[in-house]
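Peer 1: Below is one structure. I have some questions about it.
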Amino acid sequence: MDFELNADQKAFADTAAQFARDSLAPNAAQWDEQQQFPKQVLREAGELGFLSLYTPESRGGLGLSRLDASIIFEQLAMGCTSTTAFMTIHNMVTWMVASFATESAAAHFCPKLISGEWLGSYCLTEPNAGSDAAALTTTATKNDMGYLVNGNKVFISGAGETDVLVVMARTGGEGAKGVSAFVIPADTPGIRYGRKEPKMGWNSQPTRSISFDNVQVSHDNLLGEEGQGFVFAMKGLDGGRINIATCSVGTAQQALNEALAYVQQRSQFGQSLSTFQAIQFKLADLATELVAARGLVRMAASKLDNQDRDATTYCAMAKRFATDVGFRVCDQSLQLFGGYGYIKEYPMERYFRDVRVHQILEGTNEIMRLIIARRLLEEGGKQL
Ligand SMILES: Cc1cc2nc3c(=O)[nH]c(=O)nc-3n(C[C@H](O)[C@H](O)[C@H](O)COP(=O)(O)OP(=O)(O)OC[C@H]3O[C@@H](n4cnc5c(N)ncnc54)[C@H](O)[C@@H]3O)c2cc1C
18 MDFELNADQK
28 AFADTAAQFA
38 RDSLAPNAAQ
48 WDEQQQFPKQ
58 VLREAGELGF
68 LSLYTPESRG
78 GLGLSRLDAS
88 IIFEQLAMGC
98 TSTTAFMTIH
108 NMVTWMVASF
118 ATESAAAHFC
128 PKLISGEWLG
138 SYCLTEPNAG
148 SDAAALTTTA
158 TKNDMGYLVN
168 GNKVFISGAG
178 ETDVLVVMAR
188 TGGEGAKGVS
198 AFVIPADTPG
208 IRYGRKEPKM
218 GWNSQPTRSI
228 SFDNVQVSHD
238 NLLGEEGQGF
248 VFAMKGLDGG
258 RINIATCSVG
268 TAQQALNEAL
278 AYVQQRSQFG
288 QSLSTFQAIQ
298 FKLADLATEL
308 VAARGLVRMA
318 ASKLDNQDRD
328 ATTYCAMAKR
338 FATDVGFRVC
348 DQSLQLFGGY
358 GYIKEYPMER
368 YFRDVRVHQI
378 LEGTNEIMRL
388 IIARRLLEEG
398 GKQL
């Protein structure tokens, strides 16, 4: 077991850190304040391979492992949490299309998704099917030309400004087995977008509802076979959960770095804040929890790479733990800035706002506990 990064991983991390420093961090506050979706910067990220990190090389992606991708996303998240989180969703979409689309659909969609010329959205959640995603009611009814899609999705990241939608819709009976997945051009007639949701954080990417009103798609738009859509959606989310957990770790590391610098500059009661033991102990605890979170995320990524039978459980554990730790580290780092932490001149309040949603999406942390507990009970107490 080797816990050190290898030379390739260090090189990838360095490239990502430089991109984060040069292209993300200097703009992140403005994107947040003005709710700008930085499409041009995403395109540049595509040129560096950041939009297809684990997409197979046979389809034109970098073909990296999930562990490598996590190491890279962590560095990017240090520059801008929200934009990196969008990149992770785009990576999930690109991987799903590359892995499960027909040859002709993959040849059509993948090159532009990989370059960032087209951006992708993942469309699972519905007004009455959030945590219980298998209860989704969007339908895809077979007809002579393929399928007619009808229904509504909510909370879709990037929607209205992305080009490609991966949509989970019902082709069969109730439950997960009746769900299929489709790759659909975002401007297909019959697709309409709701208002841009005003949000607490994640402001550099739009979130909108989508309605599908007799949207005609062809057989070629189906991913895999009918009835496989929910399995594909969940496979996508295993990696998605590692990625979101990673965004929390990267943001928390950035917050802690800044808090560490701040307490050494700031004096009260005639001495540096860093000389108070209460502050030192807080820093020590935050750093320890952050290292533990990173370790669990990388372990889960490695389980996914090795197709371990418990990979899904580890991904759920990593997502639950790292997003909770990430939120606590950002919250407590803000606290170390005192009143300045609450003021927009400093980035601490943005870090805090941006990581909060990681405890909610890609399966809430309560649903992560359900996944973990179910497996524990199946195993009858055996060590995972
Ligand atoms: C900014 C943002 C971006 C998003 N992006 C996307 C996207 O790109 N694509 C997409 O498909 N979705 C997206 N989502 C949706 C997100 O995945 C859902 O919001 C999430 O899965 C929760 O669903 P819900 O909001 O319907 O909450 P609900 O399912 O209604 O849950 C409400 C509360 O009840 C709890 N709860 C529910 N069931 C149980 C249970 N059995 N036991 C214990 N507690 C339970 C939940 O944990 C939660 O605390 C996004 C959401 C947000 C906020």
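Numbering-wise (this note's numbering), the sequence shown opens with residue 18 and increments by one. All residues carry an ideal CB built from backbone N, CA and C; glycine is no exception.
By a C-beta neighbour count over all protein chains shown, 10 Å radius and 16 as the cutoff for buried, is LEU81 buried or exposed?
Peer 2: In the sequence shown, residue 81 corresponds to position 64, counting from 1. LEU81 is classed as buried because its beta carbon has at least 16 other beta carbons within 10 Å across all chains shown.
Peer 1: CB GLY175 to CB PRO223, shorter than 8 Å?
Peer 2: Here residue 175 is taken as the residue at index 158 of the sequence shown, counted from 1. Here residue 223 is taken as the residue at index 206 of the sequence shown, counted from 1. Contact: yes.
Peer 1: How far does the beta strand (DSSP E) with ALA186 in it extend, from its first residue to its last?
Peer 2: Looking up residue 186 in the sequence shown gives position 169. Element bounds for ALA186: 181-187.
Peer 1: Go to GLY137, then tell me how far its beta strand (DSSP E) extends in each direction, as first and last residue.
Peer 2: Within the sequence shown, the letter at position 120 stands for residue 137. Note, GLY137: beta strand (DSSP E), 137-140.
Peer 1: Is CYS97 near ligand 1, going by C-beta to nearest heavy atom under 7 Å?
Peer 2: Taking the first residue of the sequence shown as position 1, residue 97 is located at position 80. Not under cutoff, so the answer is no.
Peer 1: Which residue from TRP112, SER121, ASN145, GLY147 puts its Cα closest to that of LEU130?
Peer 2: Mapped onto the sequence shown, residue 130 falls at position 113. Among TRP112, SER121, ASN145, GLY147, the Cα nearest to that of LEU130 belongs to TRP112.
Peer 1: Any contact of the segment 258-274 with the segment 322-339, i.e. 3+ C-beta pairs under 8 Å?
Peer 2: yes
Peer 1: For SER284, which three-state DSSP category applies?
Peer 2: Sequence index remark: in the sequence shown, residue 284 carries index 267 (1-based). Looking at SER284 - three-state DSSP - the assignment turns out to be strand.
Peer 1: Is the closest heavy atom of ligand 1 to the C-beta of SER148 under 7 Å?
Peer 2: Looking up residue 148 in the sequence shown gives position 131. SER148: yes, Cβ under 7 Å from ligand 1.
Peer 1: Roughly how many angstroms separate the alpha carbons of ARG391 and THR381, rounded to a whole number?
Peer 2: Position 374 of the sequence shown holds residue 391. Position 364 of the sequence shown holds residue 381. Each residue's alpha carbon lies about 15 Å from the other.
Peer 1: Taking a contact to mean a Cβ-Cβ separation below 8 Å, would you say ARG187 touches LEU153 in this structure?
Peer 2: On the sequence shown, position 170 is the one that residue 187 refers to. On the sequence shown, position 136 is the one that residue 153 refers to. Their beta carbons are under 8 Å apart, which means ARG187 touches LEU153 by this criterion.
Peer 1: Going by alpha carbons, who is nearest to ASP403 out of CYS347, GLY253, ASN323?
Peer 2: Residue 403 lies beyond the residue range present for the chain, which begins at 18 and ends at 401; the question has no answer from this structure.
Peer 1: Say yes only if the C-beta of GLU362 is nearer than 7 Å to one or more non-hydrogen atoms of ligand 2, and no if none qualify.
Peer 2: The ligand content of the structure shown is limited to ligand 1, which means ligand 2 is not among them.
Peer 1: With a threshold of 8 Å on Cβ separation, who are the neighbours of MET104 within its own chain once the five nearest residues in sequence on each side are excluded?
Peer 2: Here the question's residue 104 lines up with position 87 in the sequence shown. Answer for MET104: LEU59, ALA62, PHE67, LEU68, PHE90, LEU93, listed in chain order.
Peer 1: Looking at ligand 1, does it come within less than 7 Å of ILE389, judged from the CB to the closest heavy atom?
Peer 2: Here residue 389 refers to the residue found at position 372 of the sequence shown. ILE389: no, Cβ never under 7 Å from ligand 1.
Peer 1: Between ASN220, THR158, MET162, which lies nearest to GLY190 when the distance is taken from Cα to Cα?
Peer 2: On the sequence shown, position 173 is the one that residue 190 refers to. Checking every option, the nearest Cα to that of GLY190 belongs to THR158.
Peer 1: Alpha carbon to alpha carbon, how far is ALA42 from ARG367? Give it in angstroms, no decimals.
Peer 2: Residue 367 sits at position 350 when you count from the first residue of the sequence shown. Residue 42 sits at position 25 when you count from the first residue of the sequence shown. Their Cα atoms are separated by approximately 12 Å.
Peer 1: In this structure, how does DSSP classify PRO43 when only helix, strand and coil are distinguished?
Peer 2: For this step, residue 43 is matched to residue 26 along the sequence shown. DSSP places PRO43 in helix when its eight states are reduced to three.
Peer 1: Using a Cβ-Cβ cutoff of less than 6 Å, which residues in the same chain neighbour GLY96 once the five nearest sequence positions on both sides are dropped?
Peer 2: As a position in the sequence shown, residue 96 is number 79, starting the count at 1. Once the five neighbours on either side are set aside, the close Cβ partners of GLY96 are ALA37, LEU41, ALA42.
Peer 1: Who pairs with PRO202 in a beta bridge, going by DSSP?
Peer 2: Locating residue 202 in the sequence shown gives position 185, counting from the first residue. Answer is VAL181.
Peer 1: Just to confirm, is the Cβ distance from VAL183 to ALA198 under 8 Å?
Peer 2: Position 166 of the sequence shown holds residue 183. Position 181 of the sequence shown holds residue 198. In this structure, ALA198 lies closer than 8 Å to VAL183 by Cβ.
Peer 1: Which value, in whole angstroms, describes the spacing of the CA atoms of TYR279 and LEU353?
Peer 2: Counting from one through the sequence shown, the residue named residue 279 turns up at place 262. Counting from one through the sequence shown, the residue named residue 353 turns up at place 336. Rounded to the nearest angstrom, the two C-alpha atoms are 8 Å apart.
Peer 1: With a cut-off of 8 Å on the beta carbons, I'd call ILE88 and ALA30 a contact; round off their distance for me.
Peer 2: Within the sequence shown, residue 88 is the residue found at index 71, counting from 1. Within the sequence shown, residue 30 is the residue found at index 13, counting from 1. The Cβ separation is near 5 Å, so the contact holds.
Peer 1: Nearest CA to the CA of THR329: which residue from ARG258, CYS127, SER75, GLY397?
Peer 2: Your numbering for residue 329 matches position 312 in the sequence shown. It is ARG258.
Peer 1: Reducing DSSP to helix, strand and coil, say where ALA176 ends up.
Peer 2: Along the sequence shown, read from residue 1 onward, the residue named residue 176 stands at position 159. If DSSP states are grouped into helix, strand and coil, ALA176 belongs with coil.
Peer 1: Flag this pair as yes or no: are the beta carbons of THR205 and VAL234 separated by less than 8 Å?
Peer 2: Residue numbering aside, residue 205 sits at position 188 when the sequence shown is read from its first letter. Residue numbering aside, residue 234 sits at position 217 when the sequence shown is read from its first letter. Cβ distance < 8 Å, so THR205 and VAL234 count as in contact.
Peer 1: For the candidate residues GLY177, ASN145, ASP25, whose alpha-carbon lies nearest to that of LEU136?
Peer 2: As a first step, residue 136 must be located in the sequence shown, where it is residue number 119. Minimum Cα distance to LEU136 is reached at GLY177.
Peer 1: Can you tell me whether VAL308 is buried or exposed, with buried defined as 16 or more other CB within 10 angstroms of its CB?
Peer 2: Mapped onto the sequence shown, residue 308 falls at position 291. Looking at its Cβ environment, which holds fewer than 16 other Cβ atoms inside 10 Å, VAL308 is exposed.
Peer 1: Starting from ILE131, follow the alpha helix (DSSP H) in both directions and report where the run begins and ends.
Peer 2: One-based indexing of the sequence shown puts residue 131 at position 114. 120-132 is the extent of the alpha helix (DSSP H) around ILE131.
Peer 1: Please determine whether the Cβ atom of SER138 lies at a distance below 7 Å from any heavy atom of ligand 1.
Peer 2: Taking the sequence shown and counting its residues from 1, the one referred to as residue 138 is at position 121. Yes, the beta carbon of SER138 sits closer than 7 Å to at least one heavy atom of ligand 1.
Peer 1: Skipping 5 residues on each side, what residues in its chain have a beta carbon closer than 8 Å to that of LYS213?
Peer 2: Residue mapping note: residue 213 aligns to position 196 of the sequence shown, counting from 1. Cβ within range, chain order: GLN52, GLY177, PRO223, THR224, ARG225.
Peer 1: With distances taken from CA atoms, which of GLY253, GLN297, GLU383, LEU401 is nearest SER116?
Peer 2: In the sequence shown, residue 116 corresponds to position 99, counting from 1. If we check each option's Cα against that of SER116, GLY253 comes out closest.
Peer 1: What's the gap between the Cα of PHE369 and the Cα of ARG83?
Peer 2: If you number the sequence shown from 1, residue 369 lands on position 352. If you number the sequence shown from 1, residue 83 lands on position 66. One C-alpha to the other measures close to 26 Å.
Peer 1: What does the Cβ neighbour count give for ASP39, buried or exposed, with the cut at 16 atoms within 10 Å?
Peer 2: The residue labelled residue 39 in the question sits at position 22 within the sequence shown. By the neighbour-count rule (16 or more Cβ atoms within 10 Å), ASP39 is not buried but exposed.
Peer 1: Measuring CA to CA, which of ALA123, GLY133, PHE172, TYR164 is closest to ALA146?
Peer 2: For the purposes of this step, residue 146 is identified with residue 129 of the sequence shown, where counting begins at 1. Closest by alpha carbon: PHE172.
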